[in-house]
Structures are given as C-alpha cells and as structure tokens.
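Enquirer: Reminder that position 195 of the sequence shown reads as 295 in our numbering, one-by-one numbering, no gaps.
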Amino acid sequence: MTRAFDQLWAGTFRHAAKHSPFYREQFRGLKRVPPLTSLRTVDKRVLSERNLDFLCVPRAKVVEIVTTSGTTGQPLLWRLTEADVQRLAANEKISFSCAGLTAHDTVLVAVAMDRCFMAGLAYWLGLRELGCAVVRTGASSPMLVLEMIERLQPTAIVAVPSFLRVIAEKAREQKSNLKKCSVQKTVCIGEPIRDPAFQLNASGRAIAAAWGAQVYATYGVTELANSLCECDAGVGGHLHDKQLHLEILDDDDQPVADGEVGEIVATTFGVEAMPLIRYRTGDCAALFHAACPCGRKTPRLGPILGRKNQKLKFKGTSVFPSTLAAVLEQTDGVESFVIVARQENELSDSIEVLVHGAASVPTLREALQAQARIAPKIRLVSPAKIESLQLPPNARKRRTFVDLR
Ligand SMILES: [Zn+2]
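Here it is as structure tokens:
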C-alpha cells in the first residue's frame, strides 16, 4: 500500500474510533492504526440494526438525510454533513469528467430528484460542480424528456437504462428520430449495460442504437456516497482512490486475484458523518488494476454481475443469473425467458431455464455451455407461462430470475 493510502486509512480509522459508538466498541484496546485487512467486515444488517451508532457527529451537523434500499423491511437512513455533501459533489464531478462532460454540456438528469434518493442529488451537485447546464426532468415523464430534447438540444442524459428505452419507445410512437437528436452521451445507472467482457449487453446495444449515442455505465452506493463512472474506453468504472478503497473478497473473505469476481467490500475516506470500514456491499464484480487506455491509473470496477445472495451453485461451479440472462438475450430465436433456481442439496442448486421462441433446446444448451459453462435444464414453454413467472400478481417489477431456494 502507498503512503497516500496509509494516511487516508489512518484518517478514517482515527475519526471512526473516536466518534462512532459502533467503531469505538469494535476498536477498544487498539492503540495503533491496524492494517485495514485485519479488521472485521460489516454488512447491511449491522448498519440497519445499529444505524445511529455509526454517526460520528452531533445531530446539528447533519444537513441531508437520504435512504438506502433496505435488505428487509424499511429503507435505511443515511446522514451527511455539509462536508459530506461537498465530498459527494467532488466525487460526481470526477465521475462525470470520466465520461468527458465539461461546462459546455447541457445535461438532462432523468432520475428521481426526490423520494429521499441520493443519486439525483449527487448528479445534480456533480454536474453543477463541473459547470454543466443541468435540466432536472426527473424520471416520471418520457414526454417531458422528449420536449426538453427538442427545445434545449442537450448533449447528454443521465438515466436508468430501462427509462432510456421507454423514452426511445415514446419517440418511435411520436415518429421522431432520436438517433438524430442532440444527445451524444447517455450515462446509465442502476442496471448493467455491459457483460463481463465489457461488451454492451442487449440493453446497452438497444440504447446505443436507439439514441445513436455513446453509452457510459456508472455504479454508485448510497452508503458510500460514491460512484464510479466509465471513461470513453468503457472498460470499467474508475475508482476515486482518495475517497474510497475497494477490496474484492471471495466466500471465505479472502482477496481474489486481479480481474476475478467477488463481493465488493468498501472503506470510505474523508467521510464526516457516517464513515464505513470494510463494508460488504453485497454486489459482485471484478476490479482491474492495469492502467486504462484513457491514461488514468486508478483501478476500474467491472460490470456488476449481481447480488452475492443471487449466486447459484451448480455442480461445483458458481454462476450468476445475469450471466445466463446475457447468453439468452444474445441467442437467436429467444423471445422471452425465465431462469428458475431451486435448492437441490447443500452443495448444488437446480437451475431450469424456461424459454419461449423458435430456438431449439440443443441450440440453447450449446450456447449456455459455450458461454456460461453450465448445462441447466431447458424447457420450451408458452409466452403466457413466461409472462406469469416474470410478472406474478402483485409484482412491482418484471423479473427474469425466480429464486425458489
Ligand atoms: Zn479510463
């Protein structure tokens, strides 16, 4: 580890050990700054159970309270001081400069600015910091986005991939050609747009084609008040190592090799209200340390393959539903599909892939074996069967993975 890292880590450790009731208890008896990797990890459950024990400042210093998606029940409350809000702005400024945005850009922020989310606030702050002209259309009206594109000629848009596809659909209905519009960059949050080899997945390709724009992925975690955004090279989101340290750990809490997939475990630097040390995000991805073609030397985080608890054990290997989904999306003759997992025994899950379309079972088996290296059960079914599994009664979101374990 470098000297810069040692200093930043010591700063986080001393601040947390002194001011947070949770960390004070954890670090009791430690006289010196210990090696980061010698400390226990914390997960969302601890954050939820002992929420206010992570707070390092008096309530009067808190200026912003947001919620994070909860693991169970209520969303978690997360607090920021004025300095934390500025750190957030600085982080997003670096992130958006990775995507090449400058003060000359007019940017539509088509994500929710309210409902206690941090993302919309963070993007607004970061873009303002860069000097961009920000247009907060929000994520509820595709028509408003299209109107603003027409009237303002924006150069970029920040949105969730599924909303970008909804806008494209609306544009088609209106017979307007989005491909010829002024937007040259789409910054995509919340859903993957690339496969592990950094190729655009079906969603990424659909957006690039419909918008005629370059697609950038950005990944953020509310509790870390941080995001990592791709540059033009599109080979992972750049880490801002003065604000955040990432480890990728395997199931036994051991570090994986460079480029190997594991759980993202993060330590924040420079956070005043709620610093985190070795926080298990629950998200799985790979980290790459080789210098990027863009010249930046900071580590790059690959596409998020899924939540750790979605990982499937199958005959001695492990696979993420997203990997199977990516193969199915790219196989000719697949109209729609659902992946169903059940627990077979302690060591292995049973996986069944239900497909509607013209593709044959042998073709599907070959594609999955070649690209995902597993041979699950495959069944061709009616579109109605797929629909009932993808969108059961009371479901809020369409799903292609059904976990019955
Ligand atoms: Zn780069």
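All C-beta atoms in this analysis are idealised placements derived from N, C-alpha and C, irrespective of residue type, glycine included. As the structure is a prediction and not an experimental result, all values here were calculated from the model.
Contact between the region 215 to 226 and the region 240 to 248 is defined here as three or more beta-carbon pairs at a separation below 8 angstroms; is this criterion met?
Expert: The region 215 to 226 is not in contact with the region 240 to 248.
Enquirer: Sort D352, A325, R128 by Cα distance to L177 and report the nearest one.
Expert: To locate residue 177, count along the sequence shown from 1; it is residue 77. With distances taken between Cα atoms, L177 lies closest to A325.
Enquirer: On the three-state DSSP scale, how would you describe P355?
Expert: Position 255 of the sequence shown, counting from 1, holds the residue named residue 355. DSSP places P355 in strand when its eight states are reduced to three.
Enquirer: Does the Cβ of R294 lie closer than 7 angstroms to at least one heavy atom of ligand 1?
Expert: Here the question's residue 294 lines up with position 194 in the sequence shown. False, no ligand heavy atom lies under 7 angstroms from that Cβ.
Enquirer: Answer yes or no: do T515 and V356 have a C-beta to C-beta separation smaller than 8 angstroms?
Expert: Nothing can be reported for residue 515: it is not among the residues displayed for the chain, which extend from 101 to 505.
Enquirer: Roughly how many angstroms lie between the CA atoms of N301 and P292, to the nearest whole one?
Expert: For the purposes of this step, residue 301 is identified with residue 201 of the sequence shown, where counting begins at 1. For the purposes of this step, residue 292 is identified with residue 192 of the sequence shown, where counting begins at 1. Roughly 8 angstroms separates the two Cα atoms.
Enquirer: Please say whether I289 and V335 have beta carbons closer to each other than 8 angstroms?
Expert: Sequence index remark: in the sequence shown, residue 335 carries index 235 (1-based). Sequence index remark: in the sequence shown, residue 289 carries index 189 (1-based). No, they are not a contact pair.
Enquirer: With C-beta atoms as the reference, is E532 less than 8 angstroms away from L225?
Expert: Any property of residue 532 remains undetermined from this structure, which presents the chain solely from 101 to 505.
Enquirer: Indicate the three-state DSSP secondary structure (helix, strand or coil) for A183 in the structure shown.
Expert: Residue numbering aside, residue 183 sits at position 83 when the sequence shown is read from its first letter. The answer is helix: DSSP assigns A183 an H, G or I state.
Enquirer: How would you write the range of the beta strand (DSSP E) that T368 sits in, first residue to last?
Expert: Working through the sequence shown from its first residue, we reach residue 368 at position 268. Here the beta strand (DSSP E) through T368 covers 361 to 368.
Enquirer: Residues bridged to W178 by DSSP?
Expert: Taking the first residue of the sequence shown as position 1, residue 178 is located at position 78. Answer is V166, bridged to W178.
Enquirer: Are L468 and L424 closer than 8 angstroms when you measure CB to CB?
Expert: Indexing the sequence shown from 1 puts residue 468 at position 368. Indexing the sequence shown from 1 puts residue 424 at position 324. Taking 8 angstroms as the Cβ cut-off, L468 and L424 qualify as a contacting pair.
Enquirer: Name the DSSP bridge partner or partners of A317?
Expert: Numbered from its first residue, the sequence shown carries residue 317 at position 217. Its beta-bridge partners are C288.
Enquirer: Going residue by residue through the region 383 to 432, where are the continuous beta strand (DSSP E) segments of at least 3 residues, counting only ones entirely within it?
Expert: As far as the region 383 to 432 is concerned, its whole beta strand (DSSP E) runs of at least 3 residues are 412 to 414, 417 to 419.
Enquirer: Closer than 7 angstroms to a non-hydrogen atom of ligand 1 - does that hold for the CB of H506?
Expert: Any property of residue 506 remains undetermined from this structure, which presents the chain solely from 101 to 505.
Enquirer: Please confirm whether L339 and L349 have their CB atoms less than 8 angstroms apart.
Expert: Along the sequence shown, read from residue 1 onward, the residue named residue 339 stands at position 239. Along the sequence shown, read from residue 1 onward, the residue named residue 349 stands at position 249. No. Outside cutoff.
Enquirer: So is A458 buried or exposed if we call it buried at 16+ other beta carbons inside 10 Å?
Expert: Start at 1 with the first residue of the sequence shown, and residue 458 comes out as number 358. It counts as exposed.
Enquirer: Mind reading off the beta-carbon distance from A116 to C156? Whole number of angstroms is fine, and I expect it under 8 angstroms.
Expert: Position 16 of the sequence shown, counted from the start, is the residue given in the question as residue 116. Position 56 of the sequence shown, counted from the start, is the residue given in the question as residue 156. Indeed, because the Cβ distance is near 7 angstroms, the residues count as touching under 8 angstroms.
Enquirer: By Cβ distance, which residues of its chain are closer than 6 angstroms to E229, with the 5 residues on each side in sequence left out?
Expert: The residue given as residue 229 occupies position 129 in the sequence shown. Closer than 6 angstroms at Cβ, skipping near neighbours: A189, K193.
Enquirer: For A337, which of helix, strand or coil comes out of DSSP?
Expert: By one-based count along the sequence shown, residue 337 stands at place 237. The sequence shown places Gly at residue 337, not Ala. Strand.
Enquirer: Leaving aside the five residues before and after I474 along the sequence, list all residues of the same chain whose C-beta is less than 8 angstroms from its C-beta, in chain order.
Expert: Mapped onto the sequence shown, residue 474 falls at position 374. F414, K415, T417, V419, L424, I451, L468, listed in sequence order.
Enquirer: As a quick exercise: from R114, I439, E435, E149, pick the residue whose alpha carbon is nearest that of S422.
Expert: What you label residue 422 is simply residue 322 of the sequence shown in a count that begins at 1. Ranking the options by Cα distance to S422, first place goes to I439.
Enquirer: Give every residue of the same chain whose Cβ lies closer than 7 angstroms to the Cβ of N151, excluding the five residues on either side of it in the sequence, and list them in chain order.
Expert: Residue 151 sits at position 51 when you count from the first residue of the sequence shown. Correct list, in chain order: L176, L177.
Enquirer: Does the distance from the C-beta atom of V481 to that of L454 stay below 8 angstroms?
Expert: Within the sequence shown, residue 481 is the residue found at index 381, counting from 1. Within the sequence shown, residue 454 is the residue found at index 354, counting from 1. The answer is yes: Cβ separation under 8 angstroms.
Enquirer: Less than 7 angstroms separating the Cβ of R396 from some heavy atom of ligand 1?
Expert: Here residue 396 refers to the residue found at position 296 when the sequence shown is read from its first residue. R396: yes, Cβ under 7 angstroms from ligand 1.
Enquirer: Tell me the DSSP secondary structure of N326 in three-state form.
Expert: Start at 1 with the first residue of the sequence shown, and residue 326 comes out as number 226. Here N326 sits in strand by DSSP.
Enquirer: Assign G395 to buried or exposed, taking buried as 16 or more other Cβ atoms, counted over all protein chains shown, within 10 Å of its Cβ.
Expert: Counted from its first residue, the sequence shown places residue 395 at position 295. So G395 counts as exposed.
Enquirer: Near R498, which residues of its chain fall below 6 angstroms by C-beta distance, leaving aside the five closest residues on each side in sequence?
Expert: Position 398 of the sequence shown, counted from the start, is the residue given in the question as residue 498. Only Q490, L491 meet the Cβ criterion.
Enquirer: Using the Cβ count rule (16 or more neighbours within 10 Å means buried), how would you classify M374?
Expert: Counting from 1 along the sequence shown, the entry for residue 374 is found at position 274. M374 should be labelled buried.
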